[in-house]
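Chemist: Have a look at this one before I ask anything.
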Amino acid sequence: MGAYQAAGDSRVAVLVDCDNVSPEILDYSLRVVAQFGRVVMRRGYGNHGTLGNRWQEALVRQAFTPCLQYQYAAGKNTADIALALDALEVLFDQRADTFCLVTSDSDFAYLCRKLRERGATVFIVGEPKTPDALRNASDQFFEWRRRALESENEPDEKSGSKVELDVKTEGVKPVPPRPPVKRRPRFVVEAVALLTSDTSEGKVSLGALGQYLKRTDPAFSPQTYGHTGLLDMLKTYDLLAPIQEQGGHWNVSLAVAASDVAACPRCGNLGCVEHAGGTWCNRCGDFATPPDPAHLPSNNLRRR
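Numbering (full-length UniProt numbering), first residue to last: 1 to 304.
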């Protein structure tokens, strides 16, 4: 399975739906797309009311071209249509092959599908409110969350407010943040079982597994489940065995011993293995016959 293209190979167009997202998302969006190639186009779309004030400052500071769209009738969003038409025009003119749409509006899901059908790569940067229809229409989704301190500190820019804040907090020890709860979603085990079911060694490379998880869920991130990375996440599973091969690369397999057991009663797979007093089917990604509770450790992975 191939790797991502090296930075510089792709020409990226960043198109922002200013009517739908906050100006603070702009800096994060540019950091995201920097890893995918050279940004050749920066445009922000919105009506007269949207492109004033904070959006105007953000677009100018980051060298975006503001695309002002007048509303010819109430309730008509001309900015969305302009963004979609420009994206298709840029693709057909071969000015860009990778698109980053900064929006949380699910109306752009069809545009994402059309761009991908024509061979383009599509990334979405959106807020937590972004519907699944838009998330899943992209090659990869990046979720931006507003920092709580930004909205709290913006009004307190006067020196008097800062002095008062310092007096109140003097001598107060900061409360250390709680460590994130590490979770182990079951779909990771199911992915390993699926990818290794037809291999002779029963292994899948760490990179191939990561690409598969991203393709099935563009918003997937180990950090969401409290882990620093995919390898750190895999090491917490009882049913998975990460193995470092010669040369330093990592492979992953199911942490069960192979055995000649009966075929899976569900799918007929002959690659079943014995585990925890039951029968684990690589193809189904589940126990074909239930395990013995006495053989299951207290922290063993269970369906969540």
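Positions of the beta carbon are idealized from the N, C-alpha and C atoms, including for glycine.
According to the Cβ coordinates, are Leu-134 and Leu-115 closer than 8 Å?
Modeler: no
Chemist: Here's the rule I'm using: 16 or more other beta-carbon atoms within 10 Å means buried, otherwise exposed. How should Lys-97 be labelled?
Modeler: Going by the sequence as given, residue 97 is Asp instead of Lys. Asp-97 is buried by the Cβ-count criterion.
Chemist: Suppose you measure from the CA of Leu-206 to the CA of Gln-71; what does that come to, to the nearest Å?
Modeler: 50 Å
Chemist: So Tyr-110 is in the alpha helix (DSSP H); what residue range does that whole segment cover?
Modeler: 109-117
Chemist: I think Val-125 touches Val-204, with their Cβ atoms under 8 Å apart; what is that distance to the nearest whole Å?
Modeler: Contact flag wrong, Cβ pair sits at about 29 Å.
Chemist: Which residues bound the alpha helix (DSSP H) around Phe-36?
Modeler: Here Phe-36 belongs to no alpha helix (DSSP H), and DSSP marks it neither H nor E.
Chemist: Output yes or no for whether 8 Å exceeds the beta carbon distance between Thr-103 and Asp-217.
Modeler: no
Chemist: With a Cβ-Cβ cutoff of 8 Å, do Gln-69 and Ala-58 count as a contact?
Modeler: Going by C-beta atoms, Gln-69 is not nearer than 8 Å to Ala-58.
Chemist: Compute the Euclidean distance between the alpha carbons of Ala-63 and Leu-195, then round it to the nearest angstrom.
Modeler: The alpha-carbon atoms of Ala-63 and Leu-195 are separated by roughly 44 Å.
Chemist: Using the C-alpha atoms, what's the distance from His-227 back to Val-14?
Modeler: 30 Å
Chemist: Nearest to Lys-129 by alpha carbon, out of Gln-246, Gln-140, Arg-145, Leu-239?
Modeler: Nearest option by C-alpha distance: Arg-145.
Chemist: Are the Cβ atoms of Leu-213 and Val-252 separated by less than 8 Å?
Modeler: no
Chemist: Can you give the beta carbon distance from Val-12 to Gly-37, rounded, assuming they're within the 8 Å contact cut?
Modeler: 5 Å
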